[in-house]
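Right, one structure below, let's go through it.
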Amino acid sequence: MRKKLAVLIAVITAAMMLFGCGGKDMSGSEYLGKWKATKAEYAGIEVGVDTVFDEFHFTLQDNGKVELNVNGDETTGKWDETENGISIEDEMEFQKLDDNTLTYEVSGVTVHFARD
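When the letters of the sequence shown are read in order and numbered with my numbering, they come out as residues 137 to 252.
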């Protein structure tokens, strides 16, 4: 499962590097700031996030840019608000669970993020 996640993250990272220009004014967004993976769930079972990722965090900036770090691979890209949360490069959809929690699902694993 880690290999599939690594390949998916590599593809997303490459896309972000190609299209990584920001510029949109997001200064009024409730999502601004640093978000860090705190836990993961697979098949209804909670597992430590470190069993899925070595590290996974991102910072949403007010100019529409995002700095993303997955397993030590850092990249920048664009983010936007969606009806239910946020989207990074139109590839990664994060759902708002509550005011301080976002979730992201990949390969059947739901990763929870909290403000750092």
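Glycine included, every Cβ here is placed at the ideal spot set by N, Cα and C. Computed from a predicted model, the values in this text were never measured in an experiment.
Check the C-beta distance from Ala-179 over to Val-185 and give it rounded, since I have them as a contact under 8 angstroms.
As a working mapping, residue 179 is identified with position 43 in the sequence shown. As a working mapping, residue 185 is identified with position 49 in the sequence shown. Between Val-185 and Ala-179 the Cβ distance is about 16 angstroms, and since that is not below 8 angstroms, they are no contact.
Which residues does DSSP pair with Met-228 in a beta bridge?
What you label residue 228 is simply residue 92 of the sequence shown in a count that begins at 1. Beta-bridge pairing links Met-228 to Ile-224.
DSSP on Thr-187, reduced to helix/strand/coil?
Here the question's residue 187 lines up with position 51 in the sequence shown. It is helical.
Closest to Leu-236 by CA distance: which of Ser-163, Met-162 and Trp-171 is it?
For the purposes of this step, residue 236 is taken as residue 100 along the sequence shown, with counting starting at 1. One point to set straight first is that residue 236 is Asn, not Leu, in the sequence displayed. Among Ser-163, Met-162 and Trp-171, the Cα nearest to that of Asn-236 belongs to Trp-171.
Alpha carbon to alpha carbon, how far is Ala-250 from Gly-164?
Numbered from 1 along the sequence shown, position 114 holds the residue referred to as residue 250. Numbered from 1 along the sequence shown, position 28 holds the residue referred to as residue 164. C-alpha separation (whole angstroms): 19 angstroms.
How big is the Cα-Cα spacing for Asn-199 and Met-162?
Here the question's residue 199 lines up with position 63 in the sequence shown. Here the question's residue 162 lines up with position 26 in the sequence shown. Cα to Cα, Asn-199 sits roughly 6 angstroms from Met-162.
Which residue's Cα is closest to the Cα of Lys-232: Glu-219, Gln-197 and Ser-243?
As a working mapping, residue 232 is identified with position 96 in the sequence shown. Minimum Cα distance to Lys-232 is reached at Glu-219.
Under DSSP, the beta strand (DSSP E) around Gly-200 begins and ends at which residues?
Here residue 200 is taken as the residue at index 64 of the sequence shown, counted from 1. Where Gly-200 is concerned, there is no enclosing beta strand (DSSP E), given that its DSSP letter is neither H nor E.
In whole angstroms, what is the alpha-carbon distance linking Asp-190 and Gly-208?
Position 54 of the sequence shown holds residue 190. Position 72 of the sequence shown holds residue 208. Whole-angstrom Cα-Cα distance: 8 angstroms.
Could you check whether the Cβ of Asp-252 sits closer than 8 angstroms to any heavy atom belonging to the ligand GDP?
Among the ligands in the structure shown, none appear at all, so the ligand GDP cannot be discussed.
Does DSSP put Ala-179 in a helix, in a strand, or in coil?
Start at 1 with the first residue of the sequence shown, and residue 179 comes out as number 43. Looking at Ala-179 - three-state DSSP - the assignment turns out to be coil, as it is neither helix nor strand.
Hey, Ile-181 and Leu-204: beta-carbon distance below 9 angstroms or not?
Here the question's residue 181 lines up with position 45 in the sequence shown. Here the question's residue 204 lines up with position 68 in the sequence shown. Contact flag unset, no.
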